[in-house]
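*Asks:* Once you've had a glance at the structure underneath, I'll fire off some questions.
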Amino acid sequence: GLDFRFIWSQKLPIISHILGIFFFILGNALFTWSMISNKYFSTLVRIQVDRNHTVSTGGPYAFVRHPGYLGFILYNLATPLILGSLWALIPAGILSILLIIRTVLEDNTLKKELNGYREYTEKVKYRLIPYIW
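Throughout the sequence shown, residue numbering follows the numbering used here, covering -3 to 129 in sequence.
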């Protein structure tokens, strides 16, 4: 809003907008696929013992352990590109860093509290990005 009104960012090349749209769609699709594939998907980190919580290994969970976070990070970082705002990348970057920290904390909690999760981490080695981390 303010960035556009006061012209704080220089006009971004059209490729930035196109990449932003691509990663927004990709991130949203990955986030949605994660929700559909994991019946225990929740905004809270907790073991749902009342629902016999088990490890989700299908869909995107076969490739990375936290695909929902990856999807959210992708469309979170894509939004400023779509809007043409370099300044909006600052809060988007901060939120992405916080989600990466949450991923580590959630992984530790699940290893301690969810039966079978430690074995799952040996099978699916990457938290967010295949072959990287």
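Even for Gly, the Cβ is constructed at its ideal location relative to N, Cα and C. In this text the structure is predicted, and so the values were computed from the model without any measurement.
Closest to Leu73 by CA distance: which of Ile93, Ser30, Ile10 is it?
*Replies:* For the residues Ile93, Ser30, Ile10, the minimum Cα distance to Leu73 belongs to Ile93.
*Asks:* So, helix, strand or coil for Val100, using DSSP?
*Replies:* Val100: helix per DSSP, three-state reduction.
*Asks:* In whole angstroms, give me the CA-to-CA distance for Ile14 and Lys7.
*Replies:* Computed Cα separation, rounded: 14 Å.
*Asks:* Helix, strand or coil, according to DSSP, for Thr50 in the structure here?
*Replies:* In the structure shown, Thr50 sits in coil (DSSP, three-state: anything other than H, G, I, E or B).
*Asks:* Alpha carbon to alpha carbon, how far is Glu57 from Tyr36?
*Replies:* A small correction: the amino acid at residue 57 is Tyr; Glu does not occupy that position in the sequence shown. Those two C-alpha atoms are separated by around 12 Å.
*Asks:* Quick check on Tyr127: buried or exposed, where buried means 16 or more other Cβ atoms within 10 Å of its Cβ?
*Replies:* Answer is exposed; the Cβ neighbour count stays below 16.
*Asks:* Secondary structure at Tyr65, three-state DSSP: helix, strand or coil?
*Replies:* Three-state result, Tyr65: helix.
*Asks:* Relative to the C-alpha of Lys119, which candidate in Tyr65, Ile69, Ser52 has its C-alpha closest?
*Replies:* Of the listed residues, the one whose Cα sits closest to Lys119 is Ser52.
*Asks:* Just to check my reading of the structure: Arg114 and Lys107 have Cβ atoms closer than 8 Å, yes? What is that Cβ distance to the nearest angstrom?
*Replies:* The pair is a contact, with the Cβ atoms about 5 Å apart (cut-off 8 Å).
*Asks:* Compare the C-alpha of Asn104 against each of Arg61, Leu77, Phe18, Ile17 and name the closest.
*Replies:* Of the listed residues, the one whose Cα sits closest to Asn104 is Arg61.
*Asks:* So for Tyr127, helix, strand or coil by DSSP?
*Replies:* If DSSP states are grouped into helix, strand and coil, Tyr127 belongs with coil.
*Asks:* Pro87 and Leu26: beta carbons closer than 9 Å?
*Replies:* Taking 9 Å as the Cβ cut-off, Pro87 and Leu26 do not qualify as a contacting pair.
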